[in-house]
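A.B. asks: Have a look at this one.
2 protein chains.
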Amino acid sequence: MKLDERKKKILSSVVEDYIESAEPVGSKTLVEKYHLDYSSATIRNEMKLLEEEGYLEQPHVSAGRIPSTKGYRYYVDNLMKENKLSMVDIDYINNTINGFGDTDAIIQQVADVVSKILATPTVVTKSNTDTVENIKVVKISDKLLLVVLMSKNGTVKDCFAKLTDTVEDQVIDQMTTILNQNLSGTPFSELHLALNKVIRKDLEVFSEAMGEVVNSIKYEMSKDLKKLNSGMENIFEKPEFSDIEKVKNFVNMISTKEIIDTALSNSKDDKLSIIIGSENKEVLLNDYTIISLDIEKDNKYLGKLSVIGPKRMNYAKTISTLKYIKEKFNSTLMLNNKNDNDSKGG
Amino acid sequence: MKLDERKKKILSSVVEDYIESAEPVGSKTLVEKYHLDYSSATIRNEMKLLEEEGYLEQPHVSAGRIPSTKGYRYYVDNLMKENKLSMVDIDYINNTINGFGDTDAIIQQVADVVSKILATPTVVTKSNTDTVENIKVVKISDKLLLVVLMSKNGTVKDCFAKLTDTVEDQVIDQMTTILNQNLSGTPFSELHLALNKVIRKDLEVFSEAMGEVVNSIKYEMSKDLKKLNSGMENIFEKPEFSDIEKVKNFVNMISTKEIIDTALSNSKDDKLSIIIGSENKEVLLNDYTIISLDIEKDNKYLGKLSVIGPKRMNYAKTISTLKYIKEKFNSTLMLNNKNDNDSKGG
DNA sequence: TTTAGCACTCAAACATTTCAAGTGCTAAAG
DNA sequence: CTTTAGCACTTGAAATGTTTGAGTGCTAAA
Numbered sequence: 309m310k311l312d313e314r315k316k317k318i319l320s321s322v323v324e325d326y327i328e329s330a331e332p333v334g335s336k337t338l339v340e341k342y343h344l345d346y347s348s349a350t351i352r353n354e355m356k357l358l359e360e361e362g363y364l365e366q367p368h369v370s371a372g373r374i375p376s377t378k379g380y381r382y383y384v385d386n387l388m389k390e391n392k393l394s395m396v397d398i399d400y401i402n403n404t405i406n407g408f409g410d411t412d413a414i415i416q417q418v419a420d421v422v423s424k425i426l427a428t429p430t431v432v433t434k435s436n437t438d439t440v441e442n443i444k445v446v447k448i449s450d451k452l453l454l455v456v457l458m459s460k461n462g463t464v465k466d467c468f469a470k471l472t473d474t475v476e477d478q479v480i481d482q483m484t485t486i487l488n489q490n491l492s493g494t495p496f497s498e499l500h501l502a503l504n505k506v507i508r509k510d511l512e513v514f515s516e517a518m519g520e521v522v523n524s525i526k527y528e529m530s531k532d533l534k535k536l537n538s539g540m541e542n543i544f545e546k547p548e549f550s551d552i553e554k555v556k557n558f559v560n561m562i563s564t565k566e567i568i569d570t571a572l573s574n575s576k577d578d579k580l581s582i583i584i585g586s587e588n589k590e591v592l593l594n595d596y597t598i599i600s601l602d603i604e605k606d607n608k609y610l611g612k613l614s615v616i617g618p619k620r621m622n623y624a625k626t627i628s629t630l631k632y633i634k635e636k637f638n639s640t641l642m643l644n645n646k647n648d649n650d651s652k653g654g
Numbered sequence: 309m310k311l312d313e314r315k316k317k318i319l320s321s322v323v324e325d326y327i328e329s330a331e332p333v334g335s336k337t338l339v340e341k342y343h344l345d346y347s348s349a350t351i352r353n354e355m356k357l358l359e360e361e362g363y364l365e366q367p368h369v370s371a372g373r374i375p376s377t378k379g380y381r382y383y384v385d386n387l388m389k390e391n392k393l394s395m396v397d398i399d400y401i402n403n404t405i406n407g408f409g410d411t412d413a414i415i416q417q418v419a420d421v422v423s424k425i426l427a428t429p430t431v432v433t434k435s436n437t438d439t440v441e442n443i444k445v446v447k448i449s450d451k452l453l454l455v456v457l458m459s460k461n462g463t464v465k466d467c468f469a470k471l472t473d474t475v476e477d478q479v480i481d482q483m484t485t486i487l488n489q490n491l492s493g494t495p496f497s498e499l500h501l502a503l504n505k506v507i508r509k510d511l512e513v514f515s516e517a518m519g520e521v522v523n524s525i526k527y528e529m530s531k532d533l534k535k536l537n538s539g540m541e542n543i544f545e546k547p548e549f550s551d552i553e554k555v556k557n558f559v560n561m562i563s564t565k566e567i568i569d570t571a572l573s574n575s576k577d578d579k580l581s582i583i584i585g586s587e588n589k590e591v592l593l594n595d596y597t598i599i600s601l602d603i604e605k606d607n608k609y610l611g612k613l614s615v616i617g618p619k620r621m622n623y624a625k626t627i628s629t630l631k632y633i634k635e636k637f638n639s640t641l642m643l644n645n646k647n648d649n650d651s652k653g654g
């Protein structure tokens, strides 16, 4: 696990060259371009050792090396140099995110700016930290239920569940109890996951009614989540997506709310979260890296700003851009939001 | 322009086979699959004539024929058989578009349902027919203008324009006059086009201030337009998009609001509008067909429901699906919208 | 411990061949 | 005059073969 200086230098050069060129990096390139004062043969020997240790990979025997997930991780944790944003980028951020408009508009601005600067798809979620206090299920007719969610802060959300079979009053009561037991206290932003647990536990008992209620709550929540994508078109510039199948999978993945939600909610909530390739539990995301950051304003949690792209991404620039934007939100320079219609009142 | 029965039968068979198979249709296929009681040689002669008349095209000399834009147009206008929706599709529509939720939710439902059934990208726009009554430009500071738009119905929209140079009061007055002259009475949904005309006419005079004001209004309007895409992932199943360049162009086009806005606003506002391939003035859309339909409820214009896809699309099914949904909106079976926060009050 | 040198591997690029689909034309048949 | 059988011809796609160059691992000497 301890790498000597030379190995560090080699690893960092491989990572940086590969990030830039997207081509496997060979020993000769390293010697010439990165002024390593050894012969290519020596570098080859070192690279072989780095490969055996799991930091590098070789696409095929006569190719150069590319970083493995472990290699990227080591680079990010130990080798990466901080990146100062260029004045151009700073100006662009400051001119575009001006704080005008409601939260939705600002979120959109942030997504647009980040995806422009980094030329990568960007996802911004606006989370609702308000928690569920009480859930009521009201029978409107034999086959129609009204679900009402009351929050701690006093807002009310409601949605309908349509059934194909009639449902007994007693079942509704039971259902209400289960929902309250499992969900009260849960932040709205985590309701999705909590609901999945509920149906996994109780599906055998009241399959249809419970299923419909859960789905209608999920649907209502999905409207609330306000996930904003931007810059999807940037993937076409990246050689990782030269294959149509890859594009297809990526687009499908991004459109699948659950995958992204889960990925983002897995990130530790405190600071900056970097999940590289196979570190992600979701197999479909194993070729991608997600870097995300919570944004706060006046100690109020606004949401999560995330960048998703191939493992081969410019980690240094991405991180400094995200951090800069986070600071911008913390600074008092921004105007206050004019109006915020996050959730309709009860 | 008059085609005899045999030519009609051949043209319609070519169109339908090509829609299904995406492969150029040869004379042998037609004889065998469509029971045309002539030899392949006769069919070949007829196809040659149809090609000379412009109804068919030949990708290369040893390939079968594919319909030209003119061929599709003739098919749609004269040959196409009405398509009854399957019970499965009808059930699916009825179960999914239930009229619950606000207008935004319903629009999303419509987009989702249509893209699912037709397996094609779908765009639904919610138009705002309220018209501009008065525009005020207020100087907040030397380099910051507030633009206020008052509507006939009494709602107020406002946005900021940031300048890099200071601007004289007199210029602001002049600008206000020009904006009011050109825009008052314009429906919000057409503001985009009207603004383009304004800057084209007056750009020489007050380039910066006017430009910024126009842009900020446009940005504000774009939030209002509520364009909802759905089913973008469906393009990957179509051989038209096997080439990555095509996908790239399509995605870029769809993300470019102006292109789609213009394309949709060109469609005649009354009934069903079908714009096939090169019939579209926008060159970038020349390989695509846009079918769209205005949706009304209680004689109130709700918006436009549009399907965009390659010229080779299932015209009959697309049209009947859209029509069915339009009727569903007209029918009184749908619940009334619970609440509608189209635009914030003044 | 480092390095020069060399045999070896493999993907990518390019060239060549083969194949099948489908045509247009001609001349004969209806 | 219309239809059709027959055939030479064209062409893209797929399969196959060839070349090239980048890069490696290993060996033996410095």
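Going down the list, the sequences are from chains F and V. Each position in the first sequence, counted from 1, maps to that position plus 308 in the working numbering. Each position in the second sequence, counted from 1, maps to that position plus 308 in the working numbering. The C-beta atom is built at its ideal place from N, Cα and C for all residues, glycine as well.
With a threshold of 8 Å on Cβ separation, who are the neighbours of Leu491/F within its own chain once the five nearest residues in sequence on each side are excluded?
C.D. replies: Cβ neighbours of Leu491/F beyond the five flanking positions: Val440, Ile443, Leu499, Ala502, Leu503, Val506.
A.B. asks: Taking the alpha-carbon of Cys467/F as reference, which of Leu357/F, Tyr527/F, Tyr400/F, Asp473/F has the nearest alpha-carbon?
C.D. replies: Nearest option by C-alpha distance: Tyr527/F.
A.B. asks: Just list the beta strand (DSSP E) runs in the segment 441-492 of chain F, keeping only unbroken ones of 3 residues or longer that don't cross its boundaries, in chain order.
C.D. replies: List check, beta strand (DSSP E) in window: 452-459, 464-470.
A.B. asks: Inspect the beta-carbon positions of Ile398/V and Tyr326/V and report whether they are closer than 7 Å.
C.D. replies: No.
A.B. asks: Does the segment 623-638 of chain F come close enough to the segment 383-391 of chain F that 3 or more CB-CB pairs lie under 8 Å?
C.D. replies: Because the criterion of three Cβ pairs below 8 Å is met, the segment 383-391 of chain F and the segment 623-638 of chain F touch.
A.B. asks: May I ask you to report which of helix, strand or coil DSSP gives Ile525/F?
C.D. replies: Three-state DSSP puts Ile525/F in a helix.
A.B. asks: Please determine if the segment 552-567 of chain V and the segment 549-565 of chain F are in contact, where contact requires at least 3 C-beta pairs separated by less than 8 Å.
C.D. replies: Yes, they touch.
A.B. asks: If we define contact as Cβ-Cβ less than 7 Å, is Phe544/F a contact residue for chain V?
C.D. replies: Output row for Phe544/F: interface = yes.
A.B. asks: Enumerate in chain order the residues of its own chain whose CB-to-CB distance from Pro367/V is below 7 Å, with the five nearest sequence positions on each side excluded.
C.D. replies: Excluding residues within five positions, the ones whose Cβ falls inside 7 Å are Pro332, Ile374.
A.B. asks: Determine the burial state of Gln478/V: buried for a count of at least 16 other Cβ atoms within 10 Å of its Cβ, exposed for fewer.
C.D. replies: Gln478/V should be labelled exposed.
A.B. asks: At least one CB of chain F closer than 7 Å to the CB of Ile552/V: is that the case?
C.D. replies: Ile552/V counts as touching chain F.
A.B. asks: Can you tell me where the alpha helix (DSSP H) with Thr337/F in it begins and where it stops?
C.D. replies: Looking at the DSSP string, the run of the alpha helix (DSSP H) that includes Thr337/F is 335-342.
A.B. asks: Determine the chain V residues that contact Val615/F at a beta-carbon separation under 7 Å, and present them in chain order.
C.D. replies: What Val615/F touches in chain V: nothing, since even the nearest Cβ is about 18 Å away.
A.B. asks: Under 9 Å Cβ-Cβ, which residues of chain F neighbour Ser321/V?
C.D. replies: Within 9 Å Cβ-Cβ: nothing; Ser321/V doesn't reach chain F, min ~31 Å.
A.B. asks: In the DSSP assignment, find the alpha helix (DSSP H) that holds Ile405/F and state where it starts and stops.
C.D. replies: That residue, Ile405/F, is in no alpha helix (DSSP H); it is neither H nor E in DSSP.
A.B. asks: Would DSSP call Val418/F helix, strand or coil?
C.D. replies: Val418/F: helix per DSSP, three-state reduction.
A.B. asks: Since Met540/V meets chain F, which of its residues come closer than 8 Å, beta carbon to beta carbon?
C.D. replies: Correct list: Val559, Ser563.
A.B. asks: According to DSSP, what are the bridge partners of Pro375/F?
C.D. replies: Looking at the DSSP assignment, Pro375/F forms a beta bridge with Leu364/F.
A.B. asks: 7 Å is my cut-off, CB to CB: does Ser444/F come that close to chain V?
C.D. replies: Note that residue 444/F is Lys in the sequence shown, not Ser. No, its Cβ sits nowhere closer than 7 Å to a Cβ of chain V.
A.B. asks: Look at Ile603/F and Leu613/F and say whether their C-beta atoms are less than 7 Å apart.
C.D. replies: Yes, Cβ-Cβ distance for Ile603/F and Leu613/F is below 7 Å.
A.B. asks: According to the neighbour-count rule (16 or more other Cβ atoms, all chains shown, within 10 Å of its Cβ), is Ser449/F buried or exposed?
C.D. replies: Ser449/F comes out exposed.
A.B. asks: Quick check on this structure: which residue in Ile486/V, Thr629/V, Ser538/V has the alpha carbon closest to the alpha carbon of Lys306/V?
C.D. replies: With chain V running from 309 to 654 in the structure shown, residue 306/V is simply not present.
A.B. asks: Beta strand (DSSP E) containing Tyr596/F: first to last residue?
C.D. replies: 596-605 is the span of the beta strand (DSSP E), which, as asked, contains Tyr596/F.
A.B. asks: Quick check: Ala419/V and Ser538/V, are their CB atoms within less than 7 Å of each other?
C.D. replies: Cβ distance < 7 Å, so Ala419/V and Ser538/V count as in contact.
A.B. asks: To the nearest whole angstrom, what separates the beta carbons of Leu580/F and Ile627/F, a pair I think is in contact under 8 Å?
C.D. replies: About 7 Å separates the two Cβ atoms, so the contact holds.
A.B. asks: Pull up the DSSP beta-bridge partners for Tyr537/V, would you.
C.D. replies: Going by the sequence as given, residue 537/V is Asn instead of Tyr. DSSP lists Val431/V as partners of Asn537/V.
A.B. asks: Chain V partners of Ser555/F, CB-CB under 8 Å?
C.D. replies: The sequence shown places Val at residue 555/F, rather than the Ser named in the question. Per Cβ cutoff of 8 Å: Phe544, Ile552, Val555.
A.B. asks: Tell me which residues of the segment 464-490 of chain F have at least one Cβ-Cβ distance to chain V shorter than 8 Å, keeping chain order.
C.D. replies: If the cut-off is 8 Å between Cβ atoms, the segment 464-490 of chain F has Cys467, Phe468, Lys470 near chain V.
A.B. asks: From this set, Asp345/F, Phe637/F, Val323/F, Arg352/F, which residue's C-alpha is nearest Val369/F's C-alpha?
C.D. replies: Nearest option by C-alpha distance: Arg352/F.
A.B. asks: Please go through the same chain and pick out, in chain order, the residues whose beta-carbon is closer than 6 Å to the beta-carbon of Ser651/F, but skip the five residues on each side of it.
C.D. replies: With a pLDDT of 38 at Ser651/F, under the threshold of 50, the modelled position of this residue cannot be trusted, and the question is left open.
A.B. asks: Based on Cα-Cα distance, which residue from Leu338/V, Ile525/V, Gly493/V lies nearest to Ser459/V?
C.D. replies: With distances taken between Cα atoms, Ser459/V lies closest to Gly493/V.
A.B. asks: Can you check whether the C-beta of Leu641/V is within less than 7 Å of a C-beta belonging to chain F?
C.D. replies: Here Leu641/V scores only 49 on pLDDT, less than 50, and its place in the model is too uncertain to base an answer on.
A.B. asks: Tell me the DSSP secondary structure of Leu387/F in three-state form.
C.D. replies: The answer is helix: DSSP assigns Leu387/F an H, G or I state.
A.B. asks: List the whole-angstrom C-beta distance separating Ile401/F from Lys634/F, where the pair is believed to meet the contact cut-off of C-beta under 8 Å.
C.D. replies: Rounded, the Cβ-Cβ distance is 11 Å, inconsistent with contact.
A.B. asks: Are the Cβ atoms of Thr629/V and Ile414/V separated by less than 7 Å?
C.D. replies: For Thr629/V and Ile414/V, no; Cβs fall outside 7 Å.
A.B. asks: Compute the Euclidean distance between the alpha carbons of Leu387/V and Phe544/F, then round it to the nearest angstrom.
C.D. replies: Approximately 40 Å, taken between the alpha carbons.
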